[in-house]
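Undergrad:
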Amino acid sequence: MSDGGGPLPPNSVTAEAVIVGAEMAAGHDGQAELAVRILYPNGVVGVVLLDAATGYALMNSCNIDSLEGLSGQSWRKILEGIDPCTTS
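Using our numbering, you'd call the opening residue of the sequence shown number 21 and step up by one each time.
1) What is the rounded straight-line gap between the Cα of Leu90 and the Cα of Ile84?
2) What does DSSP give as the partner residues of Asp49 in its beta bridges?
3) Would you mind sorting Gly92 into buried or exposed? The rule is 16 or more other CB atoms within 10 Å of its CB.
4) Mind reading off the beta-carbon distance from Tyr60 to Ala37? Whole number of angstroms is fine, and I expect it under 8 Å.
5) Mind checking which residues open and close the beta strand (DSSP E) that includes Leu99?
6) Rounding to the nearest angstrom, what Cα-Cα distance links Ile98 and Val40 in this structure?
7) By the three-class DSSP mapping on this structure, what secondary structure does Ala35 have?
8) If you drop the 5 nearest sequence neighbours on each side, which residues of the same chain put their C-beta closer than 8 Å to that of Ile58?
9) Can you give the Cα-Cα distance for Leu78 and Glu100, rounded to whole angstroms?
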């Protein structure tokens with residue numbers, strides 16, 4: 021799948037998990053979260069909740085300014101917005 025994104029046809033199955041949609045959601049603490057729907061290669065769609073900072077980082081790494089632009093993006097773009105774990 022190209023980084024250009026774009027809508028996927030209904031019932032499509034991909035070689036790699038891709039984002040098929042996203043919407044804003046209220047977190048349990050009242051903070052905004054981004055609910056990202058991911059289509060897995062086996063055809064299952066799951067939801068991943070991202071905090072606001074990670075959601076903004078995801079949109080930044082996809083070079084988009086609206087949630088519609090997330091459709092068709094690789095799930096790996098989510099990882100670009102996560103701070104790496106460190107141990108002391």
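Cβ atoms here follow ideal geometry from the backbone N, Cα and C, with glycine treated the same way.
TA: This is what the structure gives:
1) Their Cα atoms are separated by approximately 8 Å.
2) Asp49 pairs with nothing; no bridge assigned.
3) With 16 or more Cβ atoms within 10 Å of its Cβ, Gly92 is classed as buried.
4) Rounded, the Cβ-Cβ distance is 5 Å, consistent with contact.
5) Premise fails: Leu99 lies in the alpha helix (DSSP H), Arg96 to Leu99, not in any beta strand (DSSP E).
6) C-alpha separation (whole angstroms): 13 Å.
7) Note: Ala35 maps to coil in three-state DSSP.
8) Counting only Cβ-Cβ distances below 8 Å, and skipping sequence neighbours, we find Ala37, Val38, Ile39, Val40, Val65, Gly66, Val67, Val68 and Trp95.
9) Each residue's Cα considered, the two are about 7 Å apart.
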